[in-house]
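Here's the structure we're looking at; comments come further down.
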Amino acid sequence: MAPQAWMLAVSTAAALASTPAFAQESASRLDQILERKTLNVCTTGDYRPFSYRPDGANDFVGIDIDLARSLAKSLDSEAVFIHTKWSDLLADFKTKCDVAMSGISVTLPRQREASFSEGYLVNGKAPIVRCEDVSKYQTTEAINQPSTRVVVNPGGTNEKFARANLANAQIQLFPDNRVIWQEIADKRADVMVAESVEVKLQEKLHPGLCAVNPDQPLQYGEMGILLPRGDVAFKAYVDQWLHLAKATGEFDRIFDANMK
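Shown next, in the form of structure tokens:
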């Protein structure tokens, strides 16, 4: 090899080794998890059927909890759940967790600060109301009236949807998403808009409450697993695991078991 060509090859190799993509591959979260044998999972515990922890309980339950345990098992690791709340989700994820799994909607503002797996569920926003009021609240326009009391949990996409689309209504914040539905049942609120899967389940759990057109949601949405931004190797692994979970029927079994 001529001296000039040899010098070019050396400088090219050095440049590649110093690029962010090259450095990122060698420092993937995937390798860290495999080494420490734990998968740190941020979750809210207030969002059935995805992530829920009743008062006094030690363990979380739900679709995303079972999926997190499956992901950890595939990595020969143990899932360690770290409790967060929606308003602190991104901050806690960046400082404490490898993934966040809690029925998290894919949004562009979140995508600016983190990454997402491939979407695992299409799940748009739908209202839930007292059953006698179903015909009254069929559309966003019908809900967006000064007389309508819309209750939302703070900090997540439910509040963002309400403030963006229901500004004329009376928006009431309620801090505990686990029992927020009782506000409607007890007539302290009229409507809550949440993910269609969630309102379908809450309809089963609360006689007298009815989901409004959950199969024709007011807004399109997808759910995904929140991942570190820029970690190509870890995202590729999680996407492949998710693909296989769906292909083998494991995802459907987990989903169906948590919707009963």
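Each residue of the sequence shown is one higher than the one before, starting from 67 at the first, in our numbering.
We treat Cβ as the ideally placed atom computed from N, Cα and C, and that holds for glycine.
When the beta-carbon positions are compared, V217 and A255 come within less than 7 Å of each other. Within the segment 82 to 146, the complete beta strand (DSSP E) segments of 3 residues or longer fall at 104 to 109, listed in chain order. Between the alpha carbons of Q98 and D281 lies a distance of about 41 Å. Nearest in C-alpha terms to E101, of all of D125, A180, R135 and S143, is S143. DSSP places R196 in the strand class (E or B) of the three-state scheme.
Within the model, the alpha-carbon separation for V195 versus K266 is close to 12 Å.
The Cβ atoms of N219 and I246 sit closer than 7 Å to each other. Secondary structure note for L232: it is in no beta strand (DSSP E), with a DSSP letter that is neither H nor E. Counting along the chain, the unbroken beta strand (DSSP E) around Q236 starts and ends at Q236 to L239. Collapsing the DSSP output to three states places R176 in a helix. Here H149 carries a strand assignment [DSSP, helix/strand/coil]. Across the structure, S201 and T173 are spaced so that their CA atoms are roughly 30 Å apart. The bridge partners DSSP lists for S201 come to none.
When secondary structure is reduced to three states using DSSP, L284 falls in the coil class, being assigned neither helix nor strand.
Under DSSP, L293 forms a beta bridge with S181. Within the same chain, Cβ atoms closer than 6 Å to the Cβ of C108 are found at I148, T150, D158, F159, C163 and A166, the five residues on either side in sequence being excluded.
The shortest CA-to-CA distance from Y286 to any of R135, N189 and G296 is the one to N189. If you compare the alpha carbons of P273, I237 and N234 with that of D252, the shortest gap goes to P273. Assignment of A255 by DSSP, reduced to helix, strand and coil, places it in the coil class. With a threshold of 16 other beta carbon atoms within 10 Å, E261 meets it and is buried. Residue pairing by DSSP places R215 opposite Q236 in a beta bridge. One alpha carbon belongs to D125, the other to A311, and they sit about 23 Å apart. The three-state secondary structure of S262, taken from DSSP, is helix.
With 16 or more other Cβ atoms inside 10 Å of its own Cβ, Q268 counts as buried.
Less than 7 Å divides the Cβ of R95 from the Cβ of F300. Per DSSP, the unbroken beta strand (DSSP E) holding C276 starts and ends at L275 to A277. Here the alpha carbon of F227 sits roughly 19 Å from the alpha carbon of E249.
In the structure shown, K301 adopts helical secondary structure according to DSSP, grouped into three states.
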